[in-house]
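In the numbering used here, the protein residues as written are 5 to 249. Here a beta-carbon is modelled for each residue, glycine too, at the ideal position from N, C-alpha and C. The model shown is predicted, which means the values in this text are computed figures rather than measured ones.
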Amino acid sequence: MNSAPAPKQESSKPQSFPDGLAIEWRELLAPEADKVYFKALCDFLRSEYNTGTSVFPPRDKVLRALQLVDYSQTKVVILGQDPYHGESQATGLSFGVPDALRIKPPSLLNIFKELQSDLNFAWDKKESELTGWAKQGVLLLNAVLSVRRSQAFSHQAKGWEIFTDRVISLLNEREHGMVFILWGAAAQKKKALITNKRHYLIQSPHPSPLSAHRGFFGSRPFSKSNQILTQKLNLQAIDWTKISV
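In C-alpha cells form, the structure reads like this:
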C-alpha cells in the first residue's frame, strides 16, 4: 500500500505568493495574485486587519489549511463554509478550534460524537484543533477564509469564494484520486467543481444541531473514507483518533 506522494523540496526562489504557503500550492496558485479579484481581496483584508477591526483567524493563519497540506499530499478534503466568529476560536482549519478552548462549538461536538460512534473511539474532550488530521493529508478548507468578530459571513462575496473554488478545481484536476467529504447544502454545491471520476464523494447533512439528526449521525464518514482510501485508492488510512499534534 502506498502513502501519499512525497512533497516537493522547498525552492530557493523568492516566495511570490503569500509566505508560508506549501510550495506546490504556492506555485499552482501564483497566477491568482495577478487577477483583479485577488488584488481587491488583498486590499480588503489589508484594510480589515490594519484598521483595528477584529478579524479571525489571525492574519498568519488565514491560509493555514494550504500551509499544512500540500497539493500532492491531499488525501481527504473536508469543506466548511466560514471561520468561527467567536473570540479565540478560528484556527485556519475548517471546524477545528484550539485545544485550550473550554467550550467547543456545537457542530464540532457533533463531529466528535459521530467519530466516537463510527470508530468506537473515546474522545478525551480536549483535543480539537484537528492538526493531527491535517498532518495526515486531510485538507480542512473553508469556502471563505476570514470573518469579522461576531459577524458571521461578513467576508462573503469579497473574493474568497473565487479563490477557494480555484483550489477545489485544481484538486479536481489531480491525477491521483482523493475523498471529498461534503457536509450540508453549501458544501454539496461544490460538487459542480468535482467532475473527475477518480475522486470519491461522501455526503450528508451538516453536523450543526439544526441538521445533525437528519442524517449526519450514523453517516460514518470516517470509516467510509478510510475504506475508499485503502480499497479504492491504495493509500494509507487516516488515523482519525489523532486529532491534534
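Pro61 counts as buried, since no fewer than 16 other beta carbons sit within 10 angstroms of its beta carbon. Annotation for Gly100: no beta strand (DSSP E) segment contains it, and DSSP assigns it neither H nor E.
A contact between stretches requires three or more CB pairs, one per stretch, nearer than 8 Å, and the segment 48–59 fails this requirement with the segment 103–121.
In the DSSP assignment, the residues bridged to Asn146 are Gly84. CA-to-CA, the gap between Ala94 and Tyr88 works out to about 5 Å. Phe99 and Asp38 have their alpha carbons spaced roughly 30 Å apart. In this structure, the CA atom of Gln77 is about 11 Å from the CA atom of Arg178.
The way I'd put it, the segment 118–130 does touch the segment 225–236; three or more beta-carbon pairs between them come closer than 8 Å. Looking at the DSSP output, Trp187 bridges to Ser208. Below 8 Å, too few C-beta pairs join the segment 187–203 and the segment 151–160 to call them touching: fewer than three.
Under the 10 Å beta carbon count, Glu91 is surrounded by fewer than 16 other beta carbons and is classified as exposed. Secondary structure note for Asn230: its alpha helix (DSSP H) is the uninterrupted segment 225–235.
Its chain contains Val148, Ser150, Val151 as the residues whose beta carbon lies nearer than 6 Å to that of His159, once the 5 sequence neighbours on both sides are disregarded; these appear in chain order. Assignment of beta-bridge partners to Gln155 by DSSP yields Arg152. Cβ neighbours of Ile185 within its own chain (closer than 6 Å, five residues either side excluded): Ile82, Ile206, Pro225. CA-to-CA, the gap between Thr135 and Asp64 works out to about 16 Å. Relative to the Cα of Thr234, the nearest Cα in the group Tyr204, Pro209, Phe221 belongs to Tyr204.
The beta carbon of Thr168 sits closer than 8 Å to the beta carbons of Leu145, Asn146, Ala147, Val148, Leu149 from its chain, once the five residues preceding and following it are set aside; these are given in chain order. When rounded, the separation of the alpha-carbon atoms in Ile172 and Val183 is 12 Å. Remark: C-beta atoms of Trp187 and His210 approach each other more closely than 8 Å. Here Ala126 is exposed. Its C-beta has fewer than 16 other C-beta atoms within 10 Å.
The Cβ atoms of Glu133 and Asp86 lie no closer than 8 Å to each other. In the DSSP assignment, Tyr53 falls within the alpha helix (DSSP H) that extends over 40–54. Leaving aside the five residues that flank Arg218 on each side, the residues in its chain whose CB is nearer than 6 Å to its CB run, in chain order, Pro209. Looking at the DSSP output, Val59 shares a beta bridge with Arg152. Contact between Ala69 and Leu97 holds, since their C-beta atoms are separated by about 6 Å, short of 8 Å.
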